[in-house]
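Shown next, in structure tokens, is the structure this report addresses.
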């Protein structure tokens, strides 16, 4: 914040920097220059606007789904999808990383620079704020009282000694802290001297939020596409020893409009086989257990399938989520494996009333060998409860079920982010609603009376000006005040 | 309740239009007064009617009263609608538009009372009226809430806070427009540039923490409903852009070379970003899309 805010240098008062800041940390050459660049508010301003421009690009341009940009094949496929929309610009936007702005080097660089700048500005401001609060500059030159942004003078009938007592008493009754200067005739009075620190905290909160985000990205875990069919238990990804069971999934709709009214998954959570939590998870009601959260995200059909060998021994029994859809025919598909026979089974749902291969109510099983062959060993469309034999195994489709799509996340950075958000909000609210008040007062002799000069720094602020006016009026209205004595010098609200 | 809400909405719209008309008359009388002051010859010519004098106080008073009336009527409309729907009146584009207009009226009335600058109405009221006109084009039927919105507390607070921020930003926009249209030193009987600069700053001082709170509460809700506090959803990104622009404004105001005109220009940019964020779910889909017309 090097090029900050003095309206203009006020003669008599040391420049704001000298007033607010102790000498800078002594670093030489390049470091020194880097420091002065980082602490420049002009740079911060430009960085904010560049970040805003990048984020704007991220809202206007379609963003590639996560993971697509890193995968060359998926990337070119995705680019072909959006090419009709952006035409010749597609390649340009892609080269600039604008289809994944928030993972792009530009965004990261600017965000990192802004974070560094915020940190540097805060470090630079801190000593000055502490200094102003604890050891303020009291003895100012006479010229300061002639040129300060807020200034005023009144004549009191009483002599300087009585005037000093009155001024000090009035300031204290207005809850000001009063410090008497070395000449005994100058007073420094302030209120809310720690408020600038709140502004600093508000800025540092941004760094805290960035730290929280980094902690989450480094130590967190997230699976936004975890699917589980009704009646099955599956290991919780990323969390050894934990498994989750979906007892049932229910979707309901408003009778009059057909709009969805509720999605609810009955979940049971196990750790090492023992039940540790049980909850109906809804969109606004996740299951949270020991740092891991389960959110209702999406849902779809599933098939209850059984596979038995020649002797009748069960090789597979459970719900298969039909979580994918085929490119053609709009069929939903899901898959499971039979390791004992080295087989992979695809389960294919119906494509609708017009589907003649998988009729409504049927479920098709396609059995593949795990040798990379693209043609199935066999494929049969099954009616419910009518087993068919493939490769000597008996396949039975019991009934249709539902699957629930959960987002599972463990993000240790979240509490840090909430801490940052709290500091951010309250820091700014305090900084904006409580003005830091600082007044210098010098009492001189004028004839047999005394002349009291007031001066204050700070930006033009109507409410602050009004408060100073009230204070000065109170001082003038003391018991010995007379109307001959009030002379208004210059005021600038 | 639903009918009462509709009637109050119409009353609010009419009051706002009348308030705008009286404000224009008030401005015209002021313009005239300003011209009379600058050309001594005009002072001697005889003119008839109230607009001839210096800015007429009574018509200004009517403008203020009508703006108050409009704000009161929209308040009533939103209260009735809350009773009719059982949740905060922020669940679809109709409710949100009426609430936005309400936010503008309340912010305008507040700043007008504090700074005695009625002419802010020349910009603020047209925006509010446009939003109400837009609201009339959207079906106002009450639809039950989809699962994602079924969080009464957060739905109400998250959007109510946004409305306060948007209302303040509109006042800042009005101040910036009046600041930018007049040459340095002031003209046409418009508020002095220094006062407008102060009003712009004060409205951002109110609006910025409220926008911060909107985004934070949005993050809290996203963490509950979507499983992560931030997912670069277009709407949340757009509000982040808005937040950055007003953050830039707050810095610009104390950087040499950015003060004044450039700071005011940032207020225009910020308001454009606000509208972009507001209308965003109509065209950029994303996780907020259920808040659309449906």
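Chains as they are written, first to last, in this note's numbering: chain E, 1 to 493; chain H, 1001 to 1294. Using N, Cα and C, we set each Cβ at its ideal position, and we do this for glycine too.
Backbone secondary structure at residue i - three-state DSSP
| i | result |
| --- | --- |
| residue 1277 of chain H | helix |
| residue 1190 of chain H | coil |
| residue 59 of chain E | helix |
| residue 1163 of chain H | helix |
| residue 1153 of chain H | helix |
| residue 218 of chain E | helix |
| residue 1043 of chain H | Unreliable positioning characterises residue 1043 of chain H in this predicted model, as indicated by a pLDDT of 42, which lies under 50. The coordinate reading is nonetheless provided below. Helix at residue 1043 of chain H. |
| residue 1259 of chain H | coil |
| residue 470 of chain E | helix |
| residue 239 of chain E | coil |
| residue 96 of chain E | coil |
| residue 209 of chain E | helix |
Residue i Cβ short of 7 Å to the ligand HEM heavy atom set
| i | result |
| --- | --- |
| residue 396 of chain E | For the ligand HEM, the structure offers nothing, since it holds no ligand at all. |
CB contact check: residue i to chain B, cutoff 8 Å
| i | result |
| --- | --- |
| residue 1278 of chain H | The displayed structure is made up of protein chains E and H, and chain B is not among them. |
Segment limits, alpha helix (DSSP H) that includes residue i
| i | result |
| --- | --- |
| residue 117 of chain E | 105 to 134 |
| residue 1134 of chain H | 1121 to 1136 |
| residue 173 of chain E | 160 to 173 |
| residue 176 of chain E | No alpha helix (DSSP H) contains residue 176 of chain E, which DSSP labels as neither H nor E. |
| residue 1114 of chain H | 1093 to 1115 |
| residue 334 of chain E | It is not in any alpha helix (DSSP H) - residue 334 of chain E instead sits in the beta strand (DSSP E) that spans 332 to 338. |
| residue 72 of chain E | 72 to 86 |
Neighbourhood of residue i by C-beta, 8 Å cutoff - its chain only, sequence neighbours within 5 removed
| i | result |
| --- | --- |
| residue 1091 of chain H | 1085, 1143, 1145, 1149, 1155 and 1291 |
| residue 27 of chain E | Low per-residue confidence applies at residue 27 of chain E: pLDDT is 48, beneath 50, and the placement is therefore not dependable, though the value from the model is reported in the following sentence. Result list for residue 27 of chain E: 35, in chain order. |
| residue 1249 of chain H | 1204, 1263, 1266, 1267 and 1270 |
6 Å CB neighbourhood of residue i in its chain, flanking five on each side removed
| i | result |
| --- | --- |
| residue 292 of chain E | 239 and 410 |
| residue 1277 of chain H | 1238, 1239 and 1242 |
| residue 1041 of chain H | Unreliable placement is indicated for residue 1041 of chain H, whose pLDDT of 44 sits below 50; no coordinate value is reported for it. |
| residue 298 of chain E | 405 |
| residue 1140 of chain H | 1094 |
| residue 394 of chain E | 308 and 387 |
| residue 231 of chain E | 319 |
Terminal residues of the beta strand (DSSP E) in which residue i lies
| i | result |
| --- | --- |
| residue 522 of chain E | What is shown of chain E runs 1 to 493, which leaves residue 522 of chain E out entirely. |
| residue 390 of chain E | 388 to 390 |
| residue 223 of chain E | 221 to 229 |
| residue 423 of chain E | Residue 423 of chain E -> not in any beta strand (DSSP E); alpha helix (DSSP H) instead, spanning 414 to 433. |
| residue 243 of chain E | 242 to 253 |
| residue 316 of chain E | 314 to 321 |
| residue 150 of chain E | 150 to 156 |
| residue 33 of chain E | Here residue 33 of chain E belongs to no beta strand (DSSP E); instead the alpha helix (DSSP H) covers 29 to 38. |
| residue 346 of chain E | 343 to 348 |
| residue 301 of chain E | 292 to 308 |
| residue 443 of chain E | 437 to 446 |
Chain-ordered neighbours of residue i on chain E, where CB pairs are closer than 8 Å
| i | result |
| --- | --- |
| residue 1251 of chain H | 41, 44, 45 and 48 |
| residue 1213 of chain H | 425 |
Per-residue contacts from residue i into chain E (C-beta, under 7 Å)
| i | result |
| --- | --- |
| residue 941 of chain H | The structure shown does not extend to residue 941 of chain H, since chain H is modelled only from 1001 to 1294, so the question has no answer here. |
| residue 1200 of chain H | What residue 1200 of chain H touches in chain E: nothing, since even the nearest Cβ is about 13 Å away. |
7 Å Cβ shell around residue i - same chain, five flanking residues per side excluded
| i | result |
| --- | --- |
| residue 1162 of chain H | 1214 |
| residue 79 of chain E | 90 and 94 |
| residue 442 of chain E | 145, 185, 186 and 453 |
| residue 106 of chain E | 54 and 97 |
| residue 1075 of chain H | 1102 |
Contacts of residue i in chain H (Cβ-Cβ under 9 Å)
| i | result |
| --- | --- |
| residue 55 of chain E | 1232, 1237, 1238, 1240, 1241 and 1244 |
| residue 67 of chain E | Residues of chain H passing the Cβ test: none, with the nearest at roughly 14 Å. |
| residue 262 of chain E | 1147 and 1150 |
| residue 297 of chain E | 1226 and 1227 |
Cross-chain neighbours of residue i in chain H, by beta carbon under 7 Å
| i | result |
| --- | --- |
| residue 254 of chain E | 1144 |
| residue 51 of chain E | 1244 |
| residue 432 of chain E | 1205 and 1209 |
| residue 409 of chain E | 1227 and 1228 |
Within chain E, partners of residue i - CB distance below 9 Å
| i | result |
| --- | --- |
| residue 1117 of chain H | Residues of chain E passing the Cβ test: none, with the nearest at roughly 12 Å. |
Listed by chain order, chain H residues near residue i by CB distance under 8 Å
| i | result |
| --- | --- |
| residue 257 of chain E | 1143 and 1144 |
| residue 283 of chain E | 1147, 1148, 1150 and 1225 |
Any chance the region 364 to 382 of chain E sits against the region 251 to 263 of chain E, with 3 or more Cβ pairs inside 8 Å? no
Taking contact to mean at least 3 C-beta pairs separated by less than 8 Å, is the region 268 to 288 of chain E in contact with the region 199 to 218 of chain E? no
Say whether the region 1243 to 1259 of chain H touches the region 320 to 336 of chain E, bearing in mind that this needs 3 or more beta-carbon pairs closer than 8 Å, one atom from each stretch. Counting C-beta pairs with one atom in each stretch, the region 1243 to 1259 of chain H and the region 320 to 336 of chain E have fewer than three that are closer than 8 Å, which means they do not touch.
Is it a yes or a no for the region 391 to 409 of chain E touching the region 218 to 226 of chain E, going by three-plus beta-carbon pairs under 8 Å? As far as the Cβ criterion goes, the region 391 to 409 of chain E touches the region 218 to 226 of chain E, which means the pair count is three or higher.
Pairing CB atoms from the region 390 to 403 of chain E with CB atoms from the region 418 to 436 of chain E, are three or more of them under 8 Å? With a cut-off of 8 Å on Cβ pairs, the region 390 to 403 of chain E is not in contact with the region 418 to 436 of chain E, counting fewer than three such pairs.
Quick test of the definition: if touching needs 3 or more C-beta pairs under 8 Å, does the region 445 to 452 of chain E touch the region 151 to 171 of chain E? yes
Using 8 Å as the threshold, is the region 1191 to 1199 of chain H in touch with the region 1122 to 1140 of chain H, meaning 3 or more CB pairs across them? no
Can you find at least 3 beta carbon pairs, one from the region 1208 to 1225 of chain H and one from the region 1113 to 1132 of chain H, that sit closer than 8 Å? no
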